[in-house]
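Trainee:
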Amino acid sequence: MSEHHYAVIMAGGGGTRLWPVSRKERPKQLLPLIGQETLFQSTVKRLENLFPPERILVVTIEEQAREMKEQAPEIPAENYLIEPAPRGTASVVGLAAMVLKNVTQMQAWQYCRLTISYAM
Numbered sequence: 175m176s177e178h179h180y181a182v183i184m185a186g187g188g189g190t191r192l193w194p195v196s197r198k199e200r201p202k203q204l205l206p207l208i209g210q211e212t213l214f215q216s217t218v219k220r221l222e223n224l225f226p227p228e229r230i231l232v233v234t235i236e237e238q239a240r241e242m243k244e245q246a247p248e249i250p251a252e253n254y255l256i257e258p259a260p261r262g263t264a265s266v267v268g269l270a271a272m273v274l275k276n277v278t279q280m281q282a283w284q285y286c287r288l289t290i291s292y293a294m
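Under our numbering, the residues of the sequence shown are numbered 175 to 294, in order.
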């Protein structure tokens, strides 16, 4: 992967669609729904063979950033972008695009058995 490519993990969801399992305080990306890893951790793991941690950006909300930093300490703190207000997918991609030029975006709430390198 080119040194100019970055992965963007969209991880600012409010936990409303998987209620009652996930809630605003514990959205699905911060839950270990399958196995021991949270969905966020498994997303980071899927990217590890393609992007070094310094080329992974996480877009999230203030209330979730601390726990995500604890769950993925290998990603530099400055690579967490905080949404000023949650406005959905387009605003997350727009925020990332303001910082980067080449973006591969991933959502932290997806489960996938295949590695991302298989898909690329």
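All residues carry an ideal CB built from backbone N, CA and C; glycine is no exception.
Using a threshold of 7 Å, is the CB atom of Glu237 nearer than that to any non-hydrogen atom of the ligand MN?
Mentor: The ligand content of the structure shown is nil, which means the ligand MN is not present either.
Trainee: Just the C-alpha distance for Glu301 and His179, rounded to the nearest angstrom, thanks.
Mentor: Absent from the model: residue 301. The displayed extent of the chain is 175 to 294, so no value can be given.
Trainee: Which of the three DSSP states, helix, strand or coil, is assigned to Ala246?
Mentor: In the sequence shown, the residue the question calls residue 246 occupies position 72. In the structure shown, Ala246 sits in coil (DSSP, three-state: anything other than H, G, I, E or B).
Trainee: Check the DSSP bridge columns for Ala271 and list the partner residues they point to.
Mentor: For the purposes of this step, residue 271 is taken as residue 97 along the sequence shown, with counting starting at 1. Paired residue(s): none; Ala271 is not in a bridge.
Trainee: Check whether the Cβ atoms of Ala185 and Phe214 sit closer than 8 Å, and answer yes or no.
Mentor: Sequence index remark: in the sequence shown, residue 185 carries index 11 (1-based). Sequence index remark: in the sequence shown, residue 214 carries index 40 (1-based). Contact: yes.
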